[in-house]
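Since the structure comes first, as structure tokens, the remarks are kept for the end.
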Amino acid sequence: MLYELRIYTIYEGRMDAIQDRFKEHTFKIFTRLGMKVVNFWIDATGQNKLYYVMEFKDMAQRQRLWEQFKKDNEWIQVKSNSEENGGLIIENIDVYFMNQAEFFRLGN
Numbered sequence: 001m002l003y004e005l006r007i008y009t010i011y012e013g014r015m016d017a018i019q020d021r022f023k024e025h026t027f028k029i030f031t032r033l034g035m036k037v038v039n040f041w042i043d044a045t046g047q048n049k050l051y052y053v054m055e056f057k058d059m060a061q062r063q064r065l066w067e068q069f070k071k072d073n074e075w076i077q078v079k080s081n082s083e084e085n086g087g088l089i090i091e092n093i094d095v096y097f098m099n100q101a102e103f104f105r106l107g108n
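In the UniProt record's numbering, the protein residues as written are 1 to 108.
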């Protein structure tokens, strides 16, 4: 399996907007497209950041699904609507790719 850690830095004052967008729309679109979110976190130190990990069979599947997501008509409309009144929500996205350590799988 391939795991993708995504770290979003959110513009000041837009944390509620990103949480609402995920809760009301993005997770449903991910599910419809076959994208799996393993877990999701909000920064515990007060930074305007949220973190989530996605699971893919391999990099080819990851590339294919993200391309489908970016071109998805529902997603395009949701993104536009959520930014219409308050402006942009996400300032920066950091992406890291990971494989689970073999020693962890064997020991747990």
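Note that beta-carbon positions come from the ideal geometry of N, C-alpha and C, so glycine has one too.
Alpha carbon to alpha carbon, what distance is there between M59 and L33? 16 Å
Would you call the region 86 to 102 and the region 1 to 13 touching, i.e. three or more CB-CB distances under 8 Å? yes
Return the bridge partner residues of Y8 from the DSSP annotation. L50 and I93
Mark F56 as exposed unless 16 or more other C-beta atoms lie within 10 angstroms of its C-beta, in which case mark it buried. buried
Taking only three categories from DSSP, how would you classify L88? coil
Cβ-based neighbour list, I18, same chain, cut-off 6 Å, excluding 5 preceding and 5 following: I10 and I89
Rounded C-alpha distance that separates F104 from N39: 18 Å
When you compare each of N48, N99 and S82 to E24 by their alpha carbons, which one comes out closest? S82
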